[in-house]
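Engineer: My questions will all concern the structure given below.
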Amino acid sequence: MSPNSSDAAPSLQALKEKMVAVGMALWDRGLILGGEGNLSLRLPNGNLLVTPARACKGRLNTRQMLVLDPLGNLLEGNLQPSSELLLHLQIYRQRADVGGIVHAHPPHATGFACAGTGLSVPLLAEVSSLLKSVPLVPYANPGSIELGEAVLPFLEEHDALLLANHGVVAVGADLDTALTRMELVEQFARVTLITHMLGRQNPIPGRFLGDLEALREKERRLPYPEENLPYPKVPRILLSELFEELIRRYLKKV
Ligand SMILES: [Zn+2]
-13 MSPNSSDAAP SLQALKEKMV AVGMALWDRG LILGGEGNLS LRLPNGNLLV TPARACKGRL
47 NTRQMLVLDP LGNLLEGNLQ PSSELLLHLQ IYRQRADVGG IVHAHPPHAT GFACAGTGLS
107 VPLLAEVSSL LKSVPLVPYA NPGSIELGEA VLPFLEEHDA LLLANHGVVA VGADLDTALT
167 RMELVEQFAR VTLITHMLGR QNPIPGRFLG DLEALREKER RLPYPEENLP YPKVPRILLS
227 ELFEELIRRY LKKV
């Protein structure tokens, strides 16, 4: 790596490769299946790089990526843009600091979204210092203008949202940060679910929350600290086996 390489703006091709890598990471972690989910990032010139509709985001290639202007007009590419384009456009319009958006359907977090329950109990210091909480956005149909409008009131205070009866959207200064937040939401949902199974929640005492919130405010608009690292593969079968074993043990107890 040259001394100045971290200062140079990444090329369009490098950013397309980033989109491919993040799509694969979402699929590897079981956060999307089939044609679910969509990704976008804001290019240095203000235009947007967006994933195509319907395609499996775990098997994308750089030729499928679309370049659009900030109003959503297609500038490059011959596929149909993501069905959630309006949601992405509204978020970029509302939050000038957002450089990347990840929308996915992670199963545990989506379970809470279908139960009509936001993730608001401060159970994990990492969540409190990085996300604060993950509120529930009222239902609107996927792809609708109403969905884009429904998220707006939550965006000033939050960087990850549950979409009722649908999934999760996470934003960040760049795509890596948005992906990290998406992973954290799903982990938070898993841990919260386990506390429900155990029949008990022991939140972080209120006197500590101010410091965690201050840390979040300091860092929430910063870019991801490392660039262009490969994403480690997650042994998703092992993770799901572990979770199923926990459920089996829980069911034996009740
Ligand atoms: Zn969706």
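For the sequence shown, the numbering used here begins at -13 and goes up steadily by one. Glycine included, C-beta positions come from ideal geometry on N, C-alpha and C.
Just to confirm, are P67 and V36 a CB contact at a threshold of 8 Å?
Structural biologist: Using a Cβ distance threshold of 8 Å, P67 and V36 count as a contacting pair.
Engineer: Would you list, in sequence order, the uninterrupted beta strand (DSSP E) runs of no fewer than 3 residues that lie entirely inside the region 33 to 91?
Structural biologist: 34 to 36, 52 to 54, 60 to 62 and 86 to 90
Engineer: Quick check on DSSP: helix, strand or coil for L105?
Structural biologist: In this structure, L105 counts as strand in the three-state DSSP scheme.
Engineer: If you measure from the CB of P139, is any heavy atom of ligand 1 nearer than 7 Å?
Structural biologist: No, the beta carbon of P139 sits no closer than 7 Å to any heavy atom of ligand 1.
Engineer: Tell me whether G9 sits in a helix, a strand or coil according to DSSP, three-state version.
Structural biologist: helix
Engineer: Between G44 and ligand 1, is there a pair consisting of the residue's CB and a ligand heavy atom that are separated by less than 7 Å?
Structural biologist: Between ligand 1 and the CB of G44, the shortest heavy atom gap is not smaller than 7 Å.
Engineer: By a C-beta neighbour count over all protein chains shown, 10 Å radius and 16 as the cutoff for buried, is S(-12) buried or exposed?
Structural biologist: With a pLDDT of only 39 at S(-12), under 50, the local geometry of the prediction cannot be trusted, and the value read off the model is given with reservation. That one is exposed.
Engineer: I need the straight-line Cα distance from A(-6) to L165, nearest angstrom please.
Structural biologist: 22 Å
Engineer: For a test of the three-state rule: what should DSSP assign to R186, helix, strand or coil?
Structural biologist: coil
Engineer: Let me confirm a value: I131 is counted as buried when at least 16 other C-beta atoms fall within 10 Å, else exposed. Which label applies?
Structural biologist: exposed
Engineer: By Cβ distance, which residues of its chain are closer than 8 Å to L29, with the 5 residues on each side in sequence left out?
Structural biologist: L(-2), L1, L35 and V53
Engineer: Along the chain, where does the alpha helix (DSSP H) that runs through A200 open and close?
Structural biologist: G192 to E205
Engineer: Do V107 and T178 come within 8 Å of each other at the CB atom, strictly closer than that value?
Structural biologist: yes
Engineer: Sort M5, I87 and P38 by Cα distance to A159 and report the nearest one.
Structural biologist: Out of M5, I87 and P38, I87 has the C-alpha closest to the C-alpha of A159.
Engineer: Measure the alpha-carbon distance for K238 versus E230 and round it to whole angstroms.
Structural biologist: Their backbone Cα atoms lie some 12 Å apart in a straight line.
Engineer: Measuring CB to CB, does H89 end up less than 8 Å from P121?
Structural biologist: No, the pair does not count as a contact, with Cβ atoms beyond the cut-off.
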